[in-house]
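With the sequence shown counted from 1, adding 7 to any position gets you my numbering. A virtual CB, placed ideally from N, CA and C, is assigned to each residue, including glycine. So the structure is just underneath, and the comments pick up after that.
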Amino acid sequence: MVSSEQPDSTPVDLQAAYEGAEVQDVLDQLDRELIGLKPVKTRIREIAALLVVDRARKQVGLSTTAPSLHMSFTGRPGTGKTTVAERMSQILHKLGYVRKGHVVTATRDDLVGQYIGHTAPKTREMLKKAMGGVLFIDEAYYLYRPENERDYGAEAIEILLQVMENNRDDLVVIFAGYKERMDVFYQSNPGLSSRVANHIDFPDYSASELLAIARLILAEENYRFSEEALAAFADYIDRRMQLPFFANARSIRNAIDRARMRQANRLFKVMNSSQLTKLDLMTLEADDITASRVFSGEVEGLDPSEPITD
8 MVSSEQPDST PVDLQAAYEG AEVQDVLDQL DRELIGLKPV KTRIREIAAL LVVDRARKQV
68 GLSTTAPSLH MSFTGRPGTG KTTVAERMSQ ILHKLGYVRK GHVVTATRDD LVGQYIGHTA
128 PKTREMLKKA MGGVLFIDEA YYLYRPENER DYGAEAIEIL LQVMENNRDD LVVIFAGYKE
188 RMDVFYQSNP GLSSRVANHI DFPDYSASEL LAIARLILAE ENYRFSEEAL AAFADYIDRR
248 MQLPFFANAR SIRNAIDRAR MRQANRLFKV MNSSQLTKLD LMTLEADDIT ASRVFSGEVE
308 GLDPSEPITD
């Protein structure tokens with residue numbers, strides 16, 4: 008239905024509407040924070056554009072149905088899903104689709120109870136905390152366990168469905184997890200699938216993107232690679248990607264944390280015998296990288312009883 012209050016020739020300044028919402032600031036921040044992920048960023052920009060146009064339509068008297076903003080983020084760990092959820096919530100808040108713009112992260116344990124009468128209050132409490140923002144449900148497929156007749160996950164899903172439909176103007180739910188498992192999850196829950204309009208797949212990072220991420224992390228923390236360390240870390244990435252439990256950017260951050268520990272240990276050993284400089288405190292050397300057990304085919308950090316340094 009089109010309002011008769013304003014003629015069709017009413018001018019619309021879409022650029023002003025876009026700039027007024029300060030959405031570009033959030034999108035720029037997303038570009039700074041995350042390397043690569045071009046298809047993800049493209050989709051987020053498309054959603055932002057839809058919301059800006061929707062807002063402009065309302066301003067000239069064009070009634071419109073609120074778009075369904077519930078989302079599905081699929082991909083392996085460390086591909087930026089949580090960061091994108093945070094930025095998406097900020098965009099929704101700036102455009103007036105949610106009141107607060109915060110993100111509440113939940114897993115099965117936060118939503119599903121262990122006995123009759125326990126699930127509903129747990130689920131409703133998490134929804135209450137998330138109202139006005141985004142509820143980000145990680146590894147959402149664990150909500151549904153058809154092999155267990157006494158499982159209460161189905162009850163949590165039913166409550167989620169009700170609130171997603173009735174409060175779509177003040178809550179966005181994002182379901183996240185591995186793509187293959189999420190596909191099965193949606194197939195087993197047609198009501199849920201029909202309410203999730205935006206499916207965004209987060210690809211794994213390439214080796215060159217992971218190296219760029221490493222350098223970005225170091226720059227943020229006032230560290231740098233020496234030339235030899237840069238080559239060693241590129242080798243580290245190639246090896247680590249082939250090992251189990253690889254978690255993209257998360258694995259890179261963990262590797263840098265361990266390299267920093269080795270650097271600190273190395274500096275402690277020479278502090279009485281040589282004059283250290285600011286550059287020494289900033290620089291990771293090749294030995295700080297190649298001491299990793301990854302170079303012998305082991306997943307470093309998996310066993311907490313194993314030392315970080317040799």
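| Item | Value |
| --- | --- |
| On the criterion of 16 or more Cβ atoms from any shown chain inside 10 Å, does V9 qualify as buried, or is it exposed? | Note that V9 has pLDDT 46, beneath the 50 cutoff, so the model's placement of it is unreliable and the number below is only indicative. V9 should be labelled exposed. |
| Taking D208 as part of the beta strand (DSSP E), name the residues at either end of that continuous run. | 205-208 |
| Excluding the five sequence neighbours on either side, which residues of its own chain have a C-beta within less than 8 Å of the C-beta of P74, listed in chain order? | L57, L58, D61, A204 |
| So which of Y148, Y230, R175, D242 has the shortest CA-CA distance to V366? | The first residue shown for the chain is 8 and the last is 317, placing residue 366 beyond what the model contains. |
| Suppose you measure from the CA of A163 to the CA of L288; what does that come to, to the nearest Å? | 51 Å |
| Taking the alpha-carbon positions, what's the Y193 to Q169 distance? | 16 Å |
| Go to T112, then tell me how far its beta strand (DSSP E) extends in each direction, as first and last residue. | 110-113 |
| Does the separation of the CB atoms of A55 and L37 fall below 8 Å? | no |
| Return the residue from the list D177, A256, A127, A28 that minimises the CA-CA distance to A137. | D177 |
| Using beta-carbon positions only, say whether L99 and G108 come within less than 8 Å of one another. | yes |
| How about L150 and G160: are their beta carbons less than 8 Å apart? | yes |
| Taking the straight line between their C-alpha atoms, what separation do you get for S116 and A127? | Looking at the sequence itself, residue 116 is Asp, so the reference to Ser does not match. Their Cα atoms are separated by approximately 13 Å. |
| Quick one: which unbroken beta strand (DSSP E) runs of 3-plus residues sit fully inside the region 42-88? Chain order, please. | 78-81 |
| I'd like the ranges of any beta strand (DSSP E) spanning at least 3 consecutive residues and lying wholly in the region 191-271. | 205-208 |
| Using only alpha-carbon positions, find the residue among G184, L223, L167, T89 that is nearest to G198. | L167 |
| Quick one: what does DSSP say T90 is sitting in, helix, strand or coil? | helix |
| Helix or strand or just coil, what does DSSP make of L142? | strand |
| Can you tell me which of the three DSSP states A298 falls into? | coil |
| Can you tell me which residues form a DSSP beta bridge with G160? | In DSSP, G160 forms no bridge with anything. |
| Determine, using beta-carbon pairs with one atom in the region 263-274 and one in the region 78-98, whether at least three such pairs fall under 8 Å. | no |
| Could one say the Cβ of I51 lies closer than 8 Å to chain D's Cβ atoms, at least one of them? | Absent here is chain D; the protein component of the structure consists of one chain. |
| Does DSSP classify T17 as helix, strand or coil? | coil |
| For I123, tell me which candidate among V111, P153, R157, A214 has the shortest Cα-Cα distance. | R157 |
| Hey, quick one: how far does the beta strand (DSSP E) through A183 stretch, first residue to last? | 179-184 |
| Buried or exposed for N155, going by 16 or more other Cβ atoms inside 10 Å? | exposed |
| Using 8 Å as the threshold, is the region 247-264 in touch with the region 216-229, meaning 3 or more CB pairs across them? | yes |
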